[in-house]
Amino acid sequence: MEKIFIGFLSRRKVNVPLYAEILKEKSKEIMEIIHPNATLNIVIVGYPNLTRNDEISFFIVFRTTCKNIYKEKKIANHNVYPFISIFYGCIFWTIYGILVNDNAIISSNIPGVVLSTIYIAIFAFYSTRKWFYIRFCILTLIILYLIRNTNQYVYFDEIDFYGKISSIFSITTAVSPLTKIKPVMKTRDSSSISFLMTFINLINSGEWVLYALIVQDNVILIPNFLIMMVSAFIILIYSIRVAVIQCLVKNDKSVNLLNIQKMIKTAVNHKNSDLVVLPECCNSPYDTSKFAEYAEEIPGRSSEIFSSMAKSHKIFLVAGSIPEKSGNKLYNTCTVYNPLGELIAKYRKMHLFDVNIPGKIKFQESNTLTAGKKLCTFSMGEKFNNFKIGLGICYDMRFPLLAFAYSKLDVDMLIYPGAFNMTTGPLHWELLQRARAVDNQIFVIAASTARDEKSNYVAYGNSGIISPWGKHIAKAESAESIIYGNIDKDELVQSRQSIPVRKQENIRNYDNILNE
């Protein structure tokens with residue numbers, strides 16, 4: 001029982017006999033408090049997780065960088081110094097683990113030594129500065145010699161010394177990303193920081209903090225606590241901030257446009273949003289008998305207001321949709337504006353809402369509107385890692401092949417301004433959002449108008465922001481409101497790597513049917 005307890009306490013076998021003797025000398029009351037089974041379970045679950053997560057972290061760092069160097073056949077855009085720091089840090093942590101007989105520390109840092117050695121070798125192979133790496137090898141040999149022989153000539157507390165050295169390397173690693181925070185905050189360009197690596201660091205350091213508290217080791221606790229705090233801070237500023245406006249639409253265009261401007265200002269001021277999304281027919285009642293009355297050319301009154309709002313607030317604005325007049329035809333059209341106020345995308349609804357559910361609803365968009373014929377995408381540019389968005393409108397969401405076509409264009413998100421009704425909304429609105437997200441492993445935003453029971457057409461509301469996993473990031477109810485969410489492109493990578501359906505689909509076996 002003593003060994004099980006001590007094993008849980010530290011995993012440091014050298015201390016077991018000493019602790020066991022101490023425990024034997026204590027009163028029987030202390031021994032009765034110990035529960036061997038519970039402590040044993042914690043060791044079995046907790047210890048392998050630490051090692052496995054460290055190995056995952058090292059693998060991700062080295063795999064991405066090595067792949068890029070091999071592809072480019074040069075090292076101009078890559079920095080070897082962080083990996084030299086990791087190399088020495090892992091060596092000192094391994095020595096510290098040996099000195100305190102902590103298997104978790106040893107087995108977690110050995111992969112780092114091996115992988116960083118491989119990386120530095122690859123870096124040296126493609127480098128023109130061969131002498132630099134020769135000096136690195138000489139310095140490493142000198143350090144290893146001193147580690148092996150210094151204690152023969154000078155007496156010092158090895159555990160304390162190597163613990164402090166290890167902590168210094170870890171703290172250096174922890175604070176180094178902060179040098180990139182200022183330009184990221186200024187430009188919103190987060191491409192220099194990996195979200196996935198930061199997220200793994202957060203989880204991994206959190207587990208080590210818990211482990212350090214259990215074994216009561218400040219050498220482990222302090223650097224990992226700093227890494228955890230820095231990683232959490234980076235994650236908070238990394239993502240694209242999205243606001244979805246669910247506004248009430250009245251029978252007065254001027255009132256509608258003033259309300260939209262007010263809500264956009266609120267969205268930007270409240271959460272400093274980067275991307276704002278409006279609902280379908282945001283300036284007009286959703287009524288085929290009124291589309292002609294409210295229709296505008298583009299550019300026109302509404303689009304000029306949208307452009308002005310995007311420019312003044314420095315946002316990307318997906319301006320829902322408005323009835324568009326073009327020649328003698330009317331379209332249900334979505335426009336998009338960049339932070340300069342420029343019109344960068346225009347999508348016309350492809351699938352018109354023609355339905356007849358007996359006793360429930362009958363609606364014929366085709367009586368008034370003309371269907372669009374082209375897909376439409378836009379990019380948020382380098383500041384947002386070239387985040388690419390595809391557009392659909394309301395009824396388009398029911399057509400999985402449209403979303404599939406967008407996925408083949410490598411979009412990261414689909415945005416559907418919509419206005420499902422009180423019959424189809426409760427049945428399918430949320431289901432379709434999640435289905436399109438999961439089918440294509442992309443983010444989905446569905447922006448609805450708010451519910452107005454006095455309107456001829458009562459919208460369902462319940463706007464949503466959906467992750468590639470099909471989970472709600474944010475969800476509105478029926479009333480006028482604004483919902484907010486943070487979008488991280490690396491979450492797409494994580495979902496697609498975890499469940500690689502895009503690589504596994506055998507479309508060649510049925511593409512002949514799709515092409516008919």
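Start counting the sequence shown at 1; every next residue gets the next number (UniProt numbering). Just so you know, even glycine gets a beta-carbon here, dropped at the ideal spot from N, CA and C.
Contact between the stretch 438-448 and the stretch 242-251 is present, with at least three C-beta pairs closer than 8 Å. For A121, the enclosing alpha helix (DSSP H) covers residues 103-126.
For N269, the enclosing alpha helix (DSSP H) covers residues 253-271. The shortest CA-to-CA distance from E505 to any of L144, N486, D439 is the one to D439.
Straight-line measurement puts the Cα of I105 at about 54 Å from the Cα of I393. Judged by DSSP in its simplified three-state form, G359 adopts coil rather than helix or strand. Taking all protein chains in view, the Cβ of W208 is crowded by 16 or more other Cβ atoms within 10 Å, so the residue is classified as buried. Between V355 and K388, the CB-CB gap reaches or exceeds 7 Å.
DSSP, reduced to helix, strand and coil, places E382 within a helical segment of the structure shown.
Under the DSSP definition of a beta bridge, G418 partners with S448. Here DSSP, grouped into helix, strand and coil, assigns G97 to helix. Its Cα nearest to that of A371, the residue C334 stands out among N385, N338, K71, C334.
Nearest to K71 by alpha-carbon distance, out of W93, Y88, F123, F83, is F123. Judged by DSSP in its simplified three-state form, R129 adopts coil rather than helix or strand. By the Cβ rule, the stretch 419-427 does not count as touching the stretch 219-226, because fewer than three pairs are nearer than 8 Å.
Approximately 6 Å separates the beta-carbon atoms of A419 and P279; this is inside 8 Å, confirming the contact.
Note that the C-beta distance between G485 and A476 is not below 7 Å. Straight-line measurement puts the Cα of F225 at about 34 Å from the Cα of I138. Exclusion of the five residues before and after A345 leaves V336, C376, F378 as the residues of its chain whose Cβ lies within less than 6 Å of its Cβ. Here DSSP, grouped into helix, strand and coil, assigns F92 to helix. Residue nearest to A319 within the set S108, G327, E342, R508 is E342 (criterion: CA-CA distance). Assignment of beta-bridge partners to E297 by DSSP yields no partner. A check of alpha carbon separations from T288 across P500, S495, N109, Y457 identifies Y457 as the nearest. Proximity to I483 across D396, Y88, I466 peaks at I466, based on C-alpha coordinates. Boundaries for P400: no beta strand (DSSP E) harbours it, while the alpha helix (DSSP H) harbouring it runs 400-408, taken from the DSSP string. Residues of the same chain with a CB within less than 6 Å of the CB of Q441, apart from the 5 flanking positions on each side, are P468, S495, R496 in chain order. In the three-state DSSP reduction, K250 falls in the coil class, being neither helix nor strand. In this structure, N421 and A459 form a Cβ contact; the two beta carbons are roughly 7 Å apart against a cut-off of 8 Å. Beta bridge pairing from DSSP links D354 with Q364.
Nearest to A450 by alpha-carbon distance, out of N256, Y145, T172, M228, is N256. The beta-carbon distance between G470 and R434, rounded to whole angstroms, is 4 Å. This is short enough to meet the 8 Å contact definition. Taking a contact to require three or more Cβ pairs closer than 8 Å, the stretch 90-97 and the stretch 108-120 qualify as touching.
Distance between P299 and A437, taken at the CA atoms: about 32 Å. Taking the Cα positions, N283 is about 41 Å away from P500. Secondary structure at C334: strand, using DSSP grouped into helix, strand and coil.
Here L202 is near S231, since their CB atoms are less than 7 Å apart.
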